[in-house]
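So the structure is just underneath, and the comments pick up after that.
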Amino acid sequence: MAEYEFTEEQNRIFTALSKWMLLLAIVVFLGGVATVVQWLLDPPAILLLANGLMYIVLAVTIYLPVDNIKRIVETEGSDIKELMIAFNELDKGWLLANIAMALSRLVILLILVAAILSVL
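FYI, in this note's numbering the residues of the sequence shown are 568 to 687.
Structural data, given as structure tokens:
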């Protein structure tokens, strides 16, 4: 049984997808680094650190499947396998991103609780 191969038009879409995902990962990563640097300039603002780390984790999540999406176009006979690996990496990455988001929001909640208790 022969492996499925995507058409040239579909391969162009995968090429564009991998480029846009790489660009998005870079932009989100730089935003995360900028947020962490901002925290370094104002260390008491712990929320900046939490958000910066969340953005960095999100950027890594977006970047992980890029190589597999590129391989869909570059290789023959493994398009579906590479696509499934890319989806698997996205699945694991989104779990990590959700955990990072939850921790970041927990920090916000703790800051709010501390602020309310200090007012009382």
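Cβ coordinates follow ideal geometry from the N, Cα and C atoms, glycine included.
Taking its Cβ as the centre, do 16 or more other Cβ atoms sit within 10 Å of residue i, making it buried, or is it exposed?
i, result
"Met568", "Bear in mind that the predicted position of Met568 carries a pLDDT of just 42, short of 50, making it unreliable; the figure below should be weighed with that in mind. With fewer than 16 Cβ atoms within 10 Å of its Cβ, Met568 is classed as exposed."
"Lys659", "exposed"
"Ser585", "buried"
"Lys631", "Contrary to the premise, residue 631 reads as Leu rather than Lys in this sequence. Flag for Leu631 reads buried."
"Val686", "exposed"
"Ala669", "exposed"
"Val595", "buried"
"Asn665", "exposed"
"Asn655", "exposed"
"Ala653", "buried"
Starting from the C-beta of residue i, find all residues in its chain whose C-beta is less than 7 Å away, skip the five residues before and the five after it, and write them out in chain order.
i, result
"Glu643", "Glu572"
"Ala612", "Trp606"
"Asn618", "Thr602, Ser671"
Whose C-beta lies closer than 8 Å to the C-beta of residue i among residues of the same chain, with five residues either side of it excluded?
i, result
"Leu522", "This structure cannot speak to residue 522, because the chain is shown only from 568 to 687."
"Ile647", "Glu570, Tyr571"
"Trp661", "Thr628"
"Glu649", "Asn635, Ile636, Arg638, Ile639, Thr642"
"Ile683", "none"
Could you tell me how far apart the beta carbons of residue i and residue j are, in whole angstroms, since I believe they sit closer than 8 Å?
i, j, result
"Leu620", "Ala667", "7 Å"
Is there contact here, the segment 575 to 594 with the segment 628 to 643, by at least three beta-carbon pairs under 8 Å?
Yes, since at least three Cβ pairs between the segment 575 to 594 and the segment 628 to 643 fall closer than 8 Å, the two stretches touch.
Per the contact definition of three or more C-beta pairs closer than 8 Å, is the segment 616 to 627 in contact with the segment 586 to 596?
Verdict: yes, contact present.
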